[in-house]
Amino acid sequence: MPIQYYIVLAVTLFCIGVVGVLIRRNAIIVFMCIELMLNSVNLLLVAFSKMHYGLSNAGNKNIPLNIGGDAQLFVFFIMVVAAAEVSVGLAIIVMMYRNVHSTDVNFLNRLKN
Amino acid sequence: MTATEILFWVLSALALFSALMVLISKNPVHSVLWLIVVFFSISGHYILLNAQFLAIVNLIVYAGAIMVLFLFVIMLMNLNSSTEPQKNSLIKLAGVVAGCLLLTVFVSAVRSADEIKNSQVAMSDGSIGLIENLGKTLFTQYVVPFEISSILFLSAMVGAVVIGKKE
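These protein sequence lines are chains A and B, in that order. The numbering of the first sequence is our numbering, which starts it at 1 and goes up by one. The numbering of the second sequence is our numbering, which starts it at 1 and goes up by one.
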């Protein structure tokens, strides 16, 4: 499978996430769109790791190469950071709901004045 | 068309359709459920790429833990489509146009890149995605970031408790 297909798929998912951040006002949906963008980048990293593996494995088939495993560990660390980010972010959203009884991001404009 | 290609196209179409449905759905609970479908299709892509460890971790961490946390918060706040705030349609249109322009820039940059022309993704061969090789690399080369991530989790846990508790 050519790498361009994976790049276009991941870029499209990323842009859908960007559009979601721009057009929705519910803070939880905005947060979910950020998760969508993180996942599209993860997919792209895994695809590039397999491309890198295939390129360096082209000449010598019998040597067990571990090239490209670093990218998959990066994806693992991205998932770790995302899990920590979600726990703190949802706590902030719950605190905001407790104060203003809404999850509308337009209520968070008090820094403007 | 081989079975791998058919699976690739089906999973890609499913991922894009459900990602669009995340945006379109008025009810936040439906958005969460569509996002779970997106995560399942991305896990299918990982299995196609022979990254089995990441596929399982994606299912357990994202579709299992994080999305349940989202559903829990949404149901705790009793959000539904009647309480959903709406932006006016001009801002929505501007957002969609901006996203489409960003997509156009990215796709044209990919199409004009010479470095990745004729590069193939090794779909099913290779064992770098198996847990044996990843674990060896993780606990030899990347053991310091692994320990730091445990400190990150500890601070995130303390932060969530401190932010979430009533004063």
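Using N, Cα and C, we set each Cβ at its ideal position, and we do this for glycine too. All of these numbers come straight from a predicted model, not from anything done at the bench.
For the stretch 118 to 129 of chain B, the set of positions with a beta-carbon nearer than 9 Å to some beta-carbon of chain A reads 118, 119, 120, 121, 122, 123, 125, 126, 127, 128 and 129 in chain order.
Among the residues of the stretch 5 to 27 of chain B, those with a Cβ less than 8 Å away from any Cβ of chain A are 5, 8, 12, 15, 16, 19, 20, 22 and 23, in the order of the chain.
Shown here, residue 104 of chain A sits in a strand according to DSSP, grouped into three states. When the five nearest sequence neighbours on each side are left out, the beta carbons in the same chain lying within less than 6 Å of the beta carbon of residue 19 of chain B are those of 38, in order along the chain.
Proximity of chain B to residue 29 of chain A at the Cβ level (cut-off 7 Å) is accounted for by 28 and 31, in chain order. Residue state for residue 86 of chain B is assigned as coil, using DSSP reduced to three classes. Taking C-alpha positions only, residue 94 of chain A is separated from residue 46 of chain A by approximately 34 Å. Residue range 131 to 140 is occupied by the alpha helix (DSSP H) that includes residue 140 of chain B.
Residue 26 of chain A sits in a strand when the DSSP states are folded into three classes. Beta-bridge analysis with DSSP links residue 2 of chain A to B/120.
Distance from the CA of residue 7 of chain A to the CA of residue 74 of chain A, rounded to the nearest whole angstrom, comes to 18 Å. Under the criterion of beta carbons closer than 8 Å, residue 73 of chain B and residue 28 of chain A qualify as touching, at roughly 7 Å.
Distances from the alpha-carbon of residue 102 of chain A to those of B/84, B/51 and B/141 put B/84 closest. When the Cα atoms are used, residue 67 of chain B and residue 32 of chain B turn out to be separated by approximately 7 Å. Of B/148, B/137, B/133 and B/98, the smallest CA-CA separation from residue 50 of chain B is found for B/133.
Shown here for residue 17 of chain A: same chain residues with a beta carbon closer than 6 Å to its own, the five before and five after excluded, namely 33, 36 and 37 in chain order. For residue 13 of chain B, the enclosing alpha helix (DSSP H) has its first and last residue at 3 to 24. Only residues of its own chain outside the window of five on either side were considered, and among them 46 and 49 have a CB closer than 7 Å to the CB of residue 72 of chain A, listed in chain order.
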